[in-house]
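Residue numbers (UniProt numbering): 1 to 108.
From the three backbone atoms N, C-alpha and C, an ideal C-beta is built for every residue, glycine too.
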């Protein structure tokens with residue numbers, strides 16, 4: 001399967017997905033750790049992909065998103081941003097609102 005198709009499928013199948021280095025339980029970089037902690041604090045389930053496990057995905061996602069760094073958070077198929085944006089949204093309450101709304105829509 002083409003890497004863009006793989007990405008599109010992952011985004012379609014997961015209303016909240018974090019592309020990160022490592023896993024939420026064992027992040028492999030500080031930015032991924034902060035981002036996954038902020039996301040876990042929202043109290044909703046989310047999918048994650050360890051981009052260190054797949055070089056083709058790691059490079060392909062940068063092109064797909066036009067975002068050069070990781071982590072990358074997608075909600076409802078749309079790129080939300082990386083660590084700095086997620087931390088800002090977490091602090092002002094926007095992240096929890098966005099994540100809860102996406103989880104609610106996915107259940108409907």
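Item to check | Own chain, CB closer than 8 Å to residue 105, minus 5 neighbours either side, in chain order | outcome: 15 and 76
Checklist entry - residue 28 by DSSP, collapsed to three states: which one? => result coil
Item to check | Pick from 107, 38 and 61 that is closest to residue 87, judged by C-alpha positions | outcome: 38
Item to check | Selected residue, minimal CA-CA separation from residue 21, among 41, 49 and 57 | outcome: 49
Item to check | Inter-stretch contact at 8 Å, needing at least 3 Cβ pairs: the region 18-37 / the region 66-84 | outcome: yes
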